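Comments concern the structure below.
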Amino acid sequence: MAKILLVEDDDLVRDMLTQVLQRADHEVTCASNGEEATECLRNETPDIMVTDIIMPKKSGITLISEVRTKHPNLDIIAISGGGRLDPSGYLDLSETLGASVSFEKPIDNTALLMAIDLLMHGQKVTDKAT
Amino acid sequence: MTPERHFWLPYFITAIALVILILIAALVRITHLARTQAKALKKSNENLKNEIKDRMHAEETKQKLEVALLQGQKLQAMGTLAGGIAHDFNNILYAIIGYTGMAREDVDQQSLVHKNLGKVIDAAHRGQDLVARILAFSRKQHHHFDPLNLKETIEAALSLLRPTIPAGTLLDFHPIEADVLGNKTQLHQVLVNLINNAVDAMDGEGTIDIRMSRVLANDTFLKQFPDARQKNYCKIELKDTGHGMDQHTMERIFEPFFTTKQVGKGTGLGLSIVHSIVKEHEGEIIVSSQLGKGSTFIILLPEYSV
Numbered sequence: 068m069a070k071i072l073l074v075e076d077d078d079l080v081r082d083m084l085t086q087v088l089q090r091a092d093h094e095v096t097c098a099s100n101g102e103e104a105t106e107c108l109r110n111e112t113p114d115i116m117v118t119d120i121i122m123p124k125k126s127g128i129t130l131i132s133e134v135r136t137k138h139p140n141l142d143i144i145a146i147s148g149g150g151r152l153d154p155s156g157y158l159d160l161s162e163t164l165g166a167s168v169s170f171e172k173p174i175d176n177t178a179l180l181m182a183i184d185l186l187m188h189g190q191k192v193t194d195k196a197t
Numbered sequence: 008m009t010p011e012r013h014f015w016l017p018y019f020i021t022a023i024a025l026v027i028l029i030l031i032a033a034l035v036r037i038t039h040l041a042r043t044q045a046k047a048l049k050k051s052n053e054n055l056k057n058e059i060k061d062r063m064h065a066e067e068t069k070q071k072l073e074v075a076l077l078q079g080q081k082l083q084a085m086g087t088l089a090g091g092i093a094h095d096f097n098n099i100l101y102a103i104i105g106y107t108g109m110a111r112e113d114v115d116q117q118s119l120v121h122k123n124l125g126k127v128i129d130a131a132h133r134g135q136d137l138v139a140r141i142l143a144f145s146r147k148q149h150h151h152f153d154p155l156n157l158k159e160t161i162e163a164a165l166s167l168l169r170p171t172i173p174a175g176t177l178l179d180f181h182p183i184e185a186d187v188l189g190n191k192t193q194l195h196q197v198l199v200n201l202i203n204n205a206v207d208a209m210d211g212e213g214t215i216d217i218r219m220s221r222v223l224a225n226d227t228f229l230k231q232f233p234d235a236r237q238k239n240y241c242k243i244e245l246k247d248t249g250h251g252m253d254q255h256t257m258e259r260i261f262e263p264f265f266t267t268k269q270v271g272k273g274t275g276l277g278l279s280i281v282h283s284i285v286k287e288h289e290g291e292i293i294v295s296s297q298l299g300k301g302s303t304f305i306i307l308l309p310e311y312s313v
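As given, the protein sequences belong to chains R and W, one line each in that order.
My numbering numbers the first residue of the first sequence as 68 and each following residue consecutively.
My numbering numbers the first residue of the second sequence as 8 and each following residue consecutively.
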């Protein structure tokens, strides 16, 4: 079981992902943008942060670069539906900034859960998942 | 008559002769002047005509440039819009797939509900493919470009296509040796889309003529393209003998979701993707067409030289 901070601005996706993660026995805390996530991280450090990239107030890219400095051991999974610019570019950037793995939406939830398990067991997820 | 009485006669004759000579000289001069002036007038007329022609040509080029620029901006705006929609659509599809997947886990695997939920997921995946195609139009993907022999690239695409082309369709290829910097897969996609459209436009009967040539940097043909640079281009002219299209269709042909095909037969994304790929190669694409006679697509790709 992992403590997961889920950062996603879309209510539907956030709720669905929360259920998917809880069904896999993970403990989930939710934030709907980068600012809320920063606030959550002040109170508690999760095992893994799953974050969207394109969000209001504070984007996933800014969040990842800040988190990487303040919480160097926190595993980060970046997710993006892309579109406004180049999603693969965003995801590449998120990995460069320190995300352990990235997924393009719509994500195969089995692959996401598998990535979380691997990270929890201290393994590196090297291949970019799409 | 005595000589004394007519002493003035030789003077008179000389005077008359002189007057005649002066008149002749004046006439010659006037004729020469008239000819010179006529020549000058003709030249001036020609200059004027040329100037009018040049101005009309310049005006025509300006109009074409404005139309091309407007069209480019419109397509760019549509790309941005499509990209935005694609982003939100991916979230919606992800929610559909995710919730349906969970609901499916909760019901008996042998039940009809389980089977039907599977169909919802399949439909959402079809939506996902469509969004991927919209994104291909809207986003500048960072494809890897290599120096390519354009003739071989086209030949490879044609060999892929030949088995799918109806027997009544003749495919003529007139190549030249030229290299471009490009992505082979993307250029194959351009040809596949254009040839498939041509086949559809001919209802399986007719000729598709693909002709390669070179357009030099100083060619006035390039003036109609606002983004064209001062360099040599490889030209691919793809002509079909299909039913052609009207002006309205021609103006919108590269817009995403614009299709003349029956519902369910085309997404209207093929030519917008072709346009996007050509632009990504820093190239140009235009179309000309006549109803009942066929269409011609012209693609320009910057020539690559070491």
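We put the beta carbon where it would ideally sit given N, CA and C, even for glycine.
Computed from a prediction, not measured in an experiment: that's the story for all the values here.
Residue i to residue j span [Cα, whole Å]
| i | j | result |
| --- | --- | --- |
| leucine 188 of chain W | arginine 236 of chain W | 15 angstroms |
| threonine 136 of chain R | glutamate 75 of chain R | 21 angstroms |
| glutamate 103 of chain R | threonine 68 of chain W | 55 angstroms |
| isoleucine 20 of chain W | phenylalanine 14 of chain W | 11 angstroms |
| lysine 191 of chain W | serine 302 of chain W | 25 angstroms |
| arginine 111 of chain W | valine 120 of chain W | 8 angstroms |
| serine 283 of chain W | glycine 91 of chain W | 17 angstroms |
| phenylalanine 152 of chain W | serine 118 of chain W | 50 angstroms |
| asparagine 54 of chain W | aspartate 61 of chain W | 10 angstroms |
| serine 279 of chain W | isoleucine 141 of chain W | 9 angstroms |
| leucine 88 of chain R | aspartate 119 of chain R | 15 angstroms |
| aspartate 82 of chain R | alanine 164 of chain W | 46 angstroms |
| isoleucine 306 of chain W | isoleucine 243 of chain W | 5 angstroms |
| glutamate 310 of chain W | histidine 250 of chain W | 32 angstroms |
| glutamate 162 of chain W | glutamate 58 of chain W | 46 angstroms |
| leucine 72 of chain R | threonine 163 of chain R | 20 angstroms |
| leucine 79 of chain R | glycine 105 of chain W | 10 angstroms |
| glycine 150 of chain R | alanine 166 of chain R | Residue placement at glycine 150 of chain R is flagged as unreliable, the pLDDT there being 48, under the threshold of 50; a coordinate-derived value is accordingly withheld. |
| glycine 271 of chain W | isoleucine 293 of chain W | In this prediction, glycine 271 of chain W has a pLDDT of 45, which is less than 50 and means its spatial position is unreliable; nothing more can be read from the coordinates. |
| valine 95 of chain R | glutamine 86 of chain R | 9 angstroms |
| leucine 245 of chain W | aspartate 95 of chain W | 37 angstroms |
| aspartate 142 of chain R | serine 169 of chain R | 11 angstroms |
| alanine 84 of chain W | methionine 219 of chain W | 32 angstroms |
| alanine 24 of chain W | isoleucine 31 of chain W | 10 angstroms |
| valine 206 of chain W | asparagine 140 of chain R | 58 angstroms |
| alanine 224 of chain W | lysine 238 of chain W | 4 angstroms |
| arginine 259 of chain W | threonine 176 of chain W | 26 angstroms |
| glutamine 297 of chain W | methionine 209 of chain W | 13 angstroms |
| lysine 286 of chain W | glutamine 193 of chain W | 11 angstroms |
| aspartate 159 of chain R | alanine 174 of chain W | 46 angstroms |
| glutamine 116 of chain W | histidine 138 of chain R | 43 angstroms |
| valine 138 of chain W | asparagine 97 of chain W | 7 angstroms |
Nearest-angstrom beta carbon gap, residue j and residue i [assumed within contact, 8 angstroms]
| i | j | result |
| --- | --- | --- |
| isoleucine 128 of chain W | threonine 160 of chain W | Incorrect: roughly 38 angstroms between the Cβ atoms, too far for contact. |
| threonine 256 of chain W | glycine 213 of chain W | That pair is no contact at about 18 angstroms. |
| lysine 124 of chain R | serine 147 of chain R | At roughly 17 angstroms, the Cβ-Cβ gap does not stay under 8 angstroms, so lysine 124 of chain R and serine 147 of chain R are not in contact. |
| leucine 130 of chain R | threonine 105 of chain R | 7 angstroms |
| arginine 109 of chain R | methionine 109 of chain W | Their Cβ separation, rounded to whole angstroms, is 32 angstroms, which puts arginine 109 of chain R and methionine 109 of chain W out of contact at 8 angstroms. |
| asparagine 204 of chain W | glycine 277 of chain W | 7 angstroms |
| methionine 68 of chain R | aspartate 92 of chain R | 5 angstroms |
| aspartate 179 of chain W | asparagine 156 of chain W | So it is not a contact: roughly 20 angstroms between Cβ atoms. |
Residue i versus the options, residue with shortest Cα-Cα distance
| i | options | result |
| --- | --- | --- |
| phenylalanine 232 of chain W | W:Lys122, W:Ala89 and W:Ala75 | W:Ala75 |
| glutamate 291 of chain W | W:Gly277, W:Gln297 and W:Leu308 | W:Leu308 |
| leucine 100 of chain W | R:Met68, R:Ile71, R:Asp159 and R:Leu84 | R:Leu84 |
| arginine 221 of chain W | W:Asn204, W:Asn57, W:His181 and W:Val206 | W:His181 |
| glutamate 262 of chain W | W:Ala224, W:Asn225, W:Lys81 and W:Ile293 | W:Lys81 |
| lysine 70 of chain R | R:Asp114, R:Asp77 and R:Val134 | R:Asp114 |
| phenylalanine 228 of chain W | W:Ser51, W:Leu34, W:His64 and W:Gln44 | W:His64 |
| isoleucine 217 of chain W | W:Asp186, W:Asn225, W:Leu16 and W:Lys158 | W:Lys158 |
| serine 312 of chain W | W:Pro154, W:Ala24, W:Val26 and W:Ala32 | W:Pro154 |
| alanine 3 of chain W | W:Gln135, W:His39 and W:Asp226 | The displayed coordinates of chain W run from 8 to 313. Any statement about residue 3 of chain W would go beyond what the structure contains. |
| isoleucine 183 of chain W | W:Tyr240, W:Ala89, W:His288 and W:Ala41 | W:Tyr240 |
| asparagine 176 of chain R | W:Asn123, W:Ala102 and W:Val114 | W:Ala102 |
| methionine 122 of chain R | R:Met187, R:Asn100 and R:Gly189 | R:Asn100 |
| isoleucine 174 of chain R | R:Ser132, R:Ile144 and R:Val134 | R:Ile144 |
| isoleucine 352 of chain W | W:Lys230, W:Ile172 and W:His288 | Outside the displayed range of chain W (8 to 313) lies residue 352 of chain W, so it cannot be described from this structure. |
Residue i CB to nearest heavy atom of the ligand MN below 6 angstroms
| i | result |
| --- | --- |
| alanine 91 of chain R | With respect to small molecules bound, the structure shown includes none, and the ligand MN cannot be examined in it. |
> In the region 115–133 of chain R, which residues sit with their C-beta less than 8 angstroms from some C-beta in chain C, listed in chain order?
Replying inline: Looking for chain C here will not work: the only protein chains present are R and W.
>> Three or more C-beta pairs under 8 angstroms: does that hold for the region 163–179 of chain W against the region 197–213 of chain W?
In response: yes
> Relative to chain W, which residues along the region 80–103 of chain R have a C-beta separation below 9 angstroms, given in chain order?
Replying inline: Val80, Asp82, Met83, Leu84, Gln86, Val87 and Arg90
> Using 8 angstroms as the threshold, is the region 121–140 of chain W in touch with the region 182–189 of chain R, meaning 3 or more CB pairs across them?
Replying inline: no
> For the region 99–114 of chain W, which residues have a beta carbon sitting closer than 9 angstroms to at least one beta carbon of chain R?
Replying inline: Ile99, Leu100, Tyr101, Ala102, Ile103, Ile104, Gly105, Tyr106, Gly108, Met109 and Glu112
>> Counting only Cβ-Cβ distances shorter than 7 angstroms, please list the residues of the region 161–191 of chain R near chain W, keeping chain order.
In response: Lys172, Pro173, Ile174 and Asn176
> Of the residues that make up the region 126–143 of chain W, which ones have a beta carbon closer than 7 angstroms to any beta carbon in chain R?
Replying inline: Gln135 and Leu142
> Which residues, taken in chain order from the region 189–204 of chain W, show a beta carbon closer than 8 angstroms to some beta carbon of chain R?
Replying inline: none
>> Residues of the region 62–96 of chain W in Cβ contact with chain R at a cutoff of 7 angstroms, in chain order, please.
In response: Gly90, Gly91, Ala93 and His94
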